[in-house]
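Trainee: In terms of the working numbering, the sequence shown opens at residue 34 and continues consecutively.
In this text, a Cβ means the ideal position worked out from N, Cα and C, and glycines have one as well.
Everything numeric in this text was worked out from a predicted model, so none of it was measured.
The structure under discussion is supplied below as structure tokens; questions concerning it will follow.
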Amino acid sequence: MKEKSEIFTNKHKKQSPASSMAKFFKTKGLNKTHVIIFYAYSDEYPHQVKHELSAGVEAGVILSKIFHQQEIFIYAPDKEKACLVAQEYKKHPCEKPLINLCDNENNIVYFLSKIQEGDSLLINGQGDPEAELIAGRDAESLIEILLEDLELSDKGLKNLDVDSCRMGLSFNYRQKLIAGLSTAFNCIITYTMLCSWGMSETNQPYRQWIKLNDNNRAEDADDFYSTDDLETYGIRIKESTASINPLLAEQQG
């Protein structure tokens, strides 16, 4: 497992109670979902880099539209991958700023300034349920990034929406996230099918989930599901962090 990226040397200064109250009354409103696109290290999945870049950038552009996010936040752990993402991003007609949370502490401060209690976080990255990895990271590494690098342990967030293909099929990964992130999120959401996105003919962004055709027959098309189908077909798994396995919690502590 790779070492955690050493991004910051100092923790952020805490706001005074008066400052916090002023911010609350100024920004109080509907809870939001914030989106971060995760990328693997440059030396990981070399045969999938092209797919990772195209899928990740498309996800960032579309998901930021769905959740009305004015920036595209990414977590690209090295300069080579960050440069490739920036080059791919230029191919899209999107003018939102691309902000790498691995670049410097100021980017993290800016990201955290967007978060209010009750908000949710959606993370996107290549899912590998068999190897139990998201963007090349095992559950322990992802937990470390979310709690330590991004300092999300005490923000009172509602859901962690794991928009990574078929990670709902990885029971161990799910359980480790539930145990390790119990101080940061109320619920962990994963999916049993491929996660995808698109734009309608009227230029409206949407999320969708795909069940691939396991047969090699051309007449057997892939099945596509919308948000309305998630519960009917058991695509979404939503698990509370309040009901964690005590043994797993002890291992994560």
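For the beta strand (DSSP E) containing P272, list its first residue and its last residue.
Mentor: At residue 272 the sequence reads Glu, which differs from the Pro that was named. R269 to S273 is the span of the beta strand (DSSP E), which, as asked, contains E272.
Trainee: Report yes if the C-beta distance between E165 and N137 is below 8 Å; otherwise report no.
Mentor: Going by C-beta atoms, E165 is not nearer than 8 Å to N137.
Trainee: Which one or two residues does DSSP pair with H101 in a beta bridge?
Mentor: BP columns for H101 are empty, so no partner.
Trainee: Please go through the stretch 160-205 and give each complete alpha helix (DSSP H) segment of 4 or more residues, from N-terminal end onward.
Mentor: With a minimum length of 4 residues, the continuous alpha helix (DSSP H) runs that stay inside the stretch 160-205 are 172-177.
Trainee: Are the Cβ atoms of T274 and I221 separated by less than 8 Å?
Mentor: Yes, Cβ-Cβ distance for T274 and I221 is below 8 Å.
Trainee: Spatial neighbours of D262 within its chain, please: C-beta separation below 7 Å, excluding the five flanking residues on both sides.
Mentor: Here the set comprises I268.
Trainee: Sorted by chain position, which residues of the same chain lie with C-beta nearer than 6 Å to N140's C-beta, five sequence neighbours on each side aside?
Mentor: Counting only Cβ-Cβ distances below 6 Å, and skipping sequence neighbours, we find I132 and L134.
Trainee: What did DSSP end up calling Q149 once you bin it into helix, strand or coil?
Mentor: Coil.
Trainee: Can you tell me where the alpha helix (DSSP H) with K112 in it begins and where it stops?
Mentor: From DSSP, the alpha helix (DSSP H) with K112 extends over K112 to Y122.
Trainee: Please classify K46: does DSSP put it in a helix, a strand, or coil?
Mentor: With a pLDDT of 39 at K46, under the threshold of 50, the predicted position of this residue should be treated as unreliable, though the coordinate-derived value follows. If DSSP states are grouped into helix, strand and coil, K46 belongs with coil.
Trainee: Would L63 be called buried (16 or more neighbouring beta carbons within 10 Å of its own) or exposed?
Mentor: Answer is exposed; the Cβ neighbour count stays below 16.
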